[in-house]
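Enquirer: Quick mapping for you: the protein sequence lines, in order, are chains A and B. At position 80 of the first sequence (counting the first as 1) the number is 80 in our numbering, and the numbers step up by one without a gap. At position 273 of the second sequence (counting the first as 1) the number is 1273 in our numbering, and the numbers step up by one without a gap. Sharing a structure below in structure tokens format, with a few things to ask.
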Amino acid sequence: MIALTVDRPAPARASPGLRLGLIAAVLVALLALARLWPTLHALTTAHGPAEAEAARFLFWELRLPRVLAGLAAGAAFGAAGALFQAVTRNPIAAPDLLGVTAGAQVGVLLGLTVPALAAVSGPPLLFLCGLGAAALALTAAGGWRASPLRLLLAGGACALLLNAGLTVALALFEQNIAGLALWSGGALYQPGAAGLTEAALWLLPPLVALPFLLRGLEALSLGDDAATGIGVAVLPVRFGGVVTATALTAFAVALAGPIGFVGLIAPNLLRAVGIRRFGSLLALSALTGGGLLIAADGAVAALSLSAGLSTAVATALVGTPILLVLVMRGRALTPPDRGEVAASGRAASLAVVAPALLVALVALAAFGLAWGETWLPPTRWIAALTGSDPEAALILGIRAPRIAVAVIAGMMLAASGVVLQSVVRNALAGPELLGVTQGAALTTLAGLLAWPLMGRPETFALALAGGLATLGLILAINRRRRFAPLPVALTGLAFSGLFAALTYAVIVETSAQPARALIWLVGGTYGRAWPDAVALLPWLLVSLPALAFLSRPLDLLTLGDDAAAGLGLDVGLLRALALGLAAVLASAAVAIVGPLAFVGLLTPHLARLVGFHAHGDRLPVAMGLGALLTVAADIVGRGALAPTEIPAGALTALIGAPYFLWLMSRGRKGAR
Amino acid sequence: MSEAAILRGRGLTVAYGARRVLDGLDVAIAPGGVTALCGANGCGKSTLLRSLAGLQPLQAGTVEIDGRPLGELKRRERARALAMLAQANEVPAGLTVFELVAYGRHAHRRLIGGLSSADRSAILDALAATGLRDHGAREVAALSGGERQRAWIAMALAQQCRVLLLDEPTTWLDVRHQVELVLALKNLNRERGITIVCVLHDLNQAAAMADRVLLMKAGRILHDGPPAEMLRPAPLAEVYGVEMWRLDHPDSAAPLCVPAFAPARRQPLEARP
């Protein structure tokens, strides 16, 4: 209890936790009542046995379980978020960001597709898979003592990897698991009363474990050394915290599907209104999470929107404004230490790496041209070019432009990632995590669905509008806080979540073939032709001199705003120019290949892990790696399971994320 | 002193919300001197330094360098005129000492292209002046605290400016590195005529290094004068609210002071037999 008085000298208010708790409880009760009222009313005023039976069924079997499931799942997400944040000592940790939700989703998939696992399907399997995901992220980040930023990056890579796997599975087994596709948008499970009671049993173990962990987790906020000093067994407490939080996540995912946001928002909301004690924070997070979820569910029902607008979308819609207000008012969060992902290993030489990358890229592209259902040796390329081999010409006409598009788009996304991360000085600031990609994708997709015959110029215009608008919003919101890394990351996360959910809603709502639109969403090079490559190339060419010009100022910016300004740099102007450039690069690429994940977020780190930190070197290396990765994804996606096409976006993550995780864990051993 | 000032602040006012950190403060720094800014935590020392560097948005007041308002100077001109080292600096991973010092050339370099020979000689000169000649290829993050602080000073030297503003440069260093750094800064001041303004917590260090000490309290300069006059119990008690003893160095007669960790003692040490 000594720990409590340290961070809050002389608490002036009389236990704000209790008062707020009462208010929140009343609010949540009112919300639940409002949701239950129509059916309850019907139940009490029913005339005749038939009507009474129907009303009883409606209340006891449908509405009440739905509200309870929403409350329970929301509470579990909220509590899991608070737990993960305490364990990692990072205010933006959450089950979905650490890959645990995606892990649980894999569990659902396994339960549906592997008959042998049917016996343990449900919460236990979800729990095991979630735990596996958490273990993977933690291991790659370098264990418990990993800096919060490393942990988030590893978790993000993990989530990308698992989500990509899920998408591939969805694309491949469309018929078998159509239910999963719908469910993965997150919707309050409708198991009826029986299913709810069964799931509730799995809530007991984490609830029993929690009281034993509370004091230890609270002490963790002092730091490991201080916590050990006052007699807390840090490792067991951490371990217990992760296992408990994962169990809660698994339970919530089983009930409601992978709903993001709640775990992130609920605890941060409470911290912003001054809740500091961990016990209160945890309890109130659960309450707030439950309230948030049934409010979202109720909003969907009240606005009589179609079932296509899933709970996840509604949660994002409700949660985003709250999060944004928190960021704008600047009350949330003190930034964690700004650790680097990894100390660079040896200083690599660009003179060696650049030619090697180029050779690898050429070799890979040549292989991609030759390999496929029909093997095309280079001799037939010449024949195709001279017109004497029409079959080879036809096949090359399909393969070559895809590779060209992959090269260009990969370079653009990688360059965009490097610039964004440097300008925002946040290792998490890839175009994916800042919402730029999702914003561009949303406008493009909406345009494509509204005007199916839309031409390329319009596509570019829409993508640019979406990407730039998102970036503009993020910057406007964070202007007063001088683009501090953590609030920017939070804002970006909020937008990317919101836009991704909205895109999903648009697909479900309008498309007759959700799977096709889903594949577009993952991004890929399928069916891209020469005009696509030709349309994309000028954007890259125009931005190259700008990138070269910006690389030195970006170097200075790594020293911090004040130091850079002191050295004679116009920091504001540089930010505006570089951010605009990054947004243009990412949006143009998205217009052609869709929101290709991973390339923009992680290739900058790959370049750093390979040993380059100055932008003059890091930009070309990251771009080379981006091109290499995208081309590899294109080739594997086309050939691995032919004739079925695996979307390249899923493969960039499937190929790149494991490499990234491996490099991270290796870099740690080398560095410490 | 009023006409010859190389750096001058007039009516500097900075407020964070309702709290006034600088309250219409006037200050003039003569060329070629070493000035120490001292005062209790939160008295506005660092804010004053940032204001003089042109990094702090001012509610009112102007800063002039060589008689020209700082706001009129282009950023690169400003960087050639003065350099500022913040208290805590981020060090990007992988950055070498040479690269860090080369950053200091930003305001001198051509917009496109590599380092000119003038850039190179300025960098090597700055490395030599800070005793880092053999450490150019090492990573900044791998240096000891004292070496790292010297690397940052080398970066500022590479800017080839005439005014150097330092915010608590010795705070994280052990005694030996503190002494080395103070001597190195004195040297730079003597040999190159660089004007130094330095926030310091250690009053004895201030006395050893500076020819002028400014004692600040609540956003104003309360006392201003040579160290021998400033390191007296009366002004120090006024500024810090703590009783201090004054001693004189037995050999050099340089002023020294220590806090009296005892209840008020009327007689300063020097007055006793």
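Using N, Cα and C, we set each Cβ at its ideal position, and we do this for glycine too.
For the region 1200-1268 of chain B, list the alpha helix (DSSP H) runs that are entirely contained and at least 4 residues long, ordered along the chain.
Expert: Segments of the alpha helix (DSSP H) lying fully in the region 1200-1268 of chain B: 1203-1209, 1227-1230, 1233-1240.
Enquirer: Measuring CA to CA, which of A:Val590, A:Ser416, A:Leu287, A:Gly580 is closest to Val439 (chain A)?
Expert: Here residue 439 (chain A) corresponds to residue number 439 of the first sequence, with the count starting at 1. Residue identity check: residue 439 (chain A) is Gly in the sequence provided, not Val. With distances taken between Cα atoms, Gly439 (chain A) lies closest to A:Val590.
Enquirer: Would Ser285 (chain A) pass as a contact of Ala82 (chain A) if the rule is Cβ separation under 7 Å?
Expert: Counting from one through the first sequence, the residue named residue 285 (chain A) turns up at place 285. Counting from one through the first sequence, the residue named residue 82 (chain A) turns up at place 82. Yes; because the gap between Cβ atoms is below 7 Å, this pair is in contact.
Enquirer: Any contact between the region 1014-1025 of chain B and the region 1044-1062 of chain B? By contact I mean 3 or more CB pairs, one from each, below 8 Å.
Expert: Touching, per the Cβ criterion.
Enquirer: Name, please, each residue of chain A whose Cβ falls closer than 7 Å to the Cβ of Ala1086 (chain B).
Expert: Here the question's residue 1086 (chain B) lines up with position 86 in the second sequence. Near Ala1086 (chain B) (Cβ distances below 7 Å), the residues of chain A are Asp562, Ala563.
Enquirer: For the region 605-617 of chain A, which residues have a beta carbon sitting closer than 9 Å to at least one beta carbon of chain B?
Expert: Within the region 605-617 of chain A, the residues whose Cβ lies closer than 9 Å to some Cβ of chain B are Arg608, Gly611, Phe612, His613, Ala614, listed in chain order.
Enquirer: Among B:Met1230, B:Leu1115, B:Ile1194, B:Gly1193, which residue has its Cα nearest to the Cα of Asn1204 (chain B)?
Expert: Start at 1 with the first residue of the second sequence, and residue 1204 (chain B) comes out as number 204. When only C-alpha atoms are compared, the closest one is B:Met1230.
Enquirer: Look at the Cβ atom of Val621 (chain A), then the Cβ atom of Val419 (chain A), and state whether they are nearer than 7 Å.
Expert: On the first sequence, residue 621 (chain A) is found 621 positions in, with the first residue counted as 1. On the first sequence, residue 419 (chain A) is found 419 positions in, with the first residue counted as 1. Their beta carbons are not under 7 Å apart, which means Val621 (chain A) does not touch Val419 (chain A) by this criterion.
Enquirer: Rounded to whole angstroms, what's the CA-CA distance from Ala137 (chain A) to Arg1068 (chain B)? Just pull it up for me.
Expert: As a position in the first sequence, residue 137 (chain A) is number 137, starting the count at 1. As a position in the second sequence, residue 1068 (chain B) is number 68, starting the count at 1. Distance between the alpha carbons of Ala137 (chain A) and Arg1068 (chain B): 56 Å.
Enquirer: Since Val1063 (chain B) sits in a beta bridge, which residues does DSSP pair it with?
Expert: Residue 1063 (chain B) sits at position 63 when you count from the first residue of the second sequence. Paired residues: B:Gly1009.
Enquirer: Note down the Cα distance separating Val1175 (chain B) from Leu1157 (chain B), rounded to an integer number of angstroms.
Expert: In the second sequence, the residue the question calls residue 1175 (chain B) occupies position 175. In the second sequence, the residue the question calls residue 1157 (chain B) occupies position 157. Approximately 24 Å between the Cα atoms of the pair.
Enquirer: Whose C-beta lies closer than 6 Å to the C-beta of Ala648 (chain A) among residues of the same chain, with five residues either side of it excluded?
Expert: Residue 648 (chain A) sits at position 648 when you count from the first residue of the first sequence. Answer for Ala648 (chain A): Gly524, Thr525, Ala633, Asp634, Gly637, listed in chain order.
Enquirer: Starting from Gly1024 (chain B) and walking both ways along the alpha helix (DSSP H), at which residues does that stretch end?
Expert: Here residue 1024 (chain B) corresponds to residue number 24 of the second sequence, with the count starting at 1. Gly1024 (chain B) -> not in any alpha helix (DSSP H); beta strand (DSSP E) instead, spanning 1019-1029.
Enquirer: Could you name the residues of the same chain whose beta carbon sits closer than 6 Å to that of Tyr1016 (chain B), not counting the 5 residues immediately before and after it, in chain order?
Expert: The residue given as residue 1016 (chain B) occupies position 16 in the second sequence. Excluding residues within five positions, none has a Cβ falling inside 6 Å.
Enquirer: Can you find a C-beta in chain A that's less than 7 Å from the C-beta of Ala1015 (chain B)?
Expert: Position 15 of the second sequence, counted from the start, is the residue given in the question as residue 1015 (chain B). Output row for Ala1015 (chain B): interface = no.
Enquirer: Does any residue of chain B bring its CB to less than 7 Å from the CB of Gly566 (chain A)?
Expert: Here residue 566 (chain A) corresponds to residue number 566 of the first sequence, with the count starting at 1. Yes, Gly566 (chain A) counts as interfacial toward chain B.
Enquirer: Helix, strand or coil for Val341 (chain A)? Go by DSSP, reduced to three states.
Expert: Residue 341 (chain A) sits at position 341 when you count from the first residue of the first sequence. Here Val341 (chain A) scores only 39 on pLDDT, less than 50, and its place in the model should not be relied on; the value that follows carries that caveat. Val341 (chain A): coil per DSSP, three-state reduction.
Enquirer: At a cut of 8 Å, does the region 1104-1120 of chain B reach the region 1168-1187 of chain B through at least three beta carbon pairs?
Expert: They do not touch, by the three-pair rule.
Enquirer: Grouping DSSP H, G and I as helix and E and B as strand, with all else coil, what is Glu1099 (chain B)?
Expert: For the purposes of this step, residue 1099 (chain B) is taken as the residue at position 99 of the second sequence. Helix at Glu1099 (chain B).
Enquirer: Using a 10 Å radius around the Cβ and a threshold of 16 neighbouring Cβ atoms, would you call Val1213 (chain B) buried or exposed?
Expert: On the second sequence, position 213 is the one that residue 1213 (chain B) refers to. Buried, since its Cβ has 16 or more Cβ neighbours within 10 Å.
Enquirer: Output yes or no for whether 7 Å exceeds the beta carbon distance between Thr244 (chain A) and Ala104 (chain A).
Expert: The residue you call residue 244 (chain A) lines up with position 244 of the first sequence. The residue you call residue 104 (chain A) lines up with position 104 of the first sequence. Result no, Cβ atoms of Thr244 (chain A) and Ala104 (chain A) do not sit closer than 7 Å.
Enquirer: Assign Ala671 (chain A) to one of three DSSP states: helix, strand, or coil.
Expert: Translated into positions along the first sequence, residue 671 (chain A) becomes position 671. With a pLDDT of 35 at Ala671 (chain A), under the threshold of 50, the modelled position of this residue cannot be trusted; read the value that follows with caution. Three-state DSSP puts Ala671 (chain A) in a helix.
Enquirer: Counting only C-beta atoms, is Leu1055 (chain B) closer than 7 Å to chain A at any point?
Expert: As a first step, residue 1055 (chain B) must be located in the second sequence, where it is residue number 55. Interface residue, yes.
Enquirer: Using the Cα positions of Leu68 (chain A) and Ala141 (chain A), report the straight-line distance between them to the nearest angstrom.
Expert: Numbered from its first residue, the first sequence carries residue 68 (chain A) at position 68. Numbered from its first residue, the first sequence carries residue 141 (chain A) at position 141. Between Leu68 (chain A) and Ala141 (chain A), the C-alpha separation is close to 37 Å.
Enquirer: Counting only beta-carbon atoms, is Gly1094 (chain B) nearer than 7 Å to chain A?
Expert: Here the question's residue 1094 (chain B) lines up with position 94 in the second sequence. Yes, Gly1094 (chain B) counts as interfacial toward chain A.
Enquirer: Which residues bound the alpha helix (DSSP H) around Asp555 (chain A)?
Expert: In the first sequence, the residue the question calls residue 555 (chain A) occupies position 555. Counting along the chain, the alpha helix (DSSP H) containing Asp555 (chain A) begins and ends at 530-557.
Enquirer: Can you find a CB in chain B that lies within less than 7 Å of the CB of Leu420 (chain A)?
Expert: Taking the first residue of the first sequence as position 1, residue 420 (chain A) is located at position 420. Cβ-Cβ to chain B under 7 Å: no for Leu420 (chain A).
Enquirer: Buried or exposed: Arg479 (chain A), going by 16 or more other Cβ atoms within 10 Å of its Cβ?
Expert: What you label residue 479 (chain A) is simply residue 479 of the first sequence in a count that begins at 1. When all chains shown are included, Arg479 (chain A) counts as exposed.
Enquirer: Suppose you measure from the CA of Gly241 (chain A) to the CA of Ala159 (chain A); what does that come to, to the nearest Å?
Expert: Taking the first residue of the first sequence as 1, we reach residue 241 (chain A) at position 241. Taking the first residue of the first sequence as 1, we reach residue 159 (chain A) at position 159. Rounded to whole angstroms, Gly241 (chain A) to Ala159 (chain A) spans 20 Å at the Cα level.
Enquirer: Could you please give the first and the last residue of the uninterrupted alpha helix (DSSP H) stretch that includes Cys1038 (chain B)?
Expert: What you label residue 1038 (chain B) is simply residue 38 of the second sequence in a count that begins at 1. Note, Cys1038 (chain B): premise wrong, no alpha helix (DSSP H); beta strand (DSSP E) at 1034-1039.
Enquirer: Take Leu71 (chain A) as the anchor and find which of A:Ala582, A:Pro457, A:Leu433, A:Leu203 has the nearest alpha-carbon.
Expert: The residue labelled residue 71 (chain A) in the question sits at position 71 within the first sequence. With distances taken between Cα atoms, Leu71 (chain A) lies closest to A:Leu203.
Enquirer: Please classify Thr1195 (chain B): does DSSP put it in a helix, a strand, or coil?
Expert: Taking the second sequence and counting its residues from 1, one reaches residue 1195 (chain B) at position 195. The answer is strand: DSSP assigns Thr1195 (chain B) an E or B state.
Enquirer: Please check if any C-beta of chain B sits within less than 7 Å of the C-beta of Leu27 (chain A).
Expert: The residue given as residue 27 (chain A) occupies position 27 in the first sequence. Chain B, which has no Cβ nearer than 7 Å to the Cβ of Leu27 (chain A), makes this no.
Enquirer: To the nearest angstrom, how far is it from the Cα of Leu333 (chain A) to the Cα of Ala494 (chain A)?
Expert: The residue given as residue 333 (chain A) occupies position 333 in the first sequence. The residue given as residue 494 (chain A) occupies position 494 in the first sequence. In this prediction, Leu333 (chain A) has a pLDDT of 43, which is less than 50 and means its spatial position is unreliable; what the coordinates show is noted afterwards. Using only the alpha carbons, I get a separation of about 15 Å.
Enquirer: Taking 7 Å as the CB-CB cut-off, is Leu152 (chain A) touching chain B?
Expert: Taking the first sequence and counting its residues from 1, the one referred to as residue 152 (chain A) is at position 152. No, its Cβ sits nowhere closer than 7 Å to a Cβ of chain B.
Enquirer: State the start and end residues of the unbroken beta strand (DSSP E) segment that holds Ala1275 (chain B).
Expert: Residue 1275 (chain B) lies beyond the residue range present for chain B, which begins at 1001 and ends at 1273; the question has no answer from this structure.
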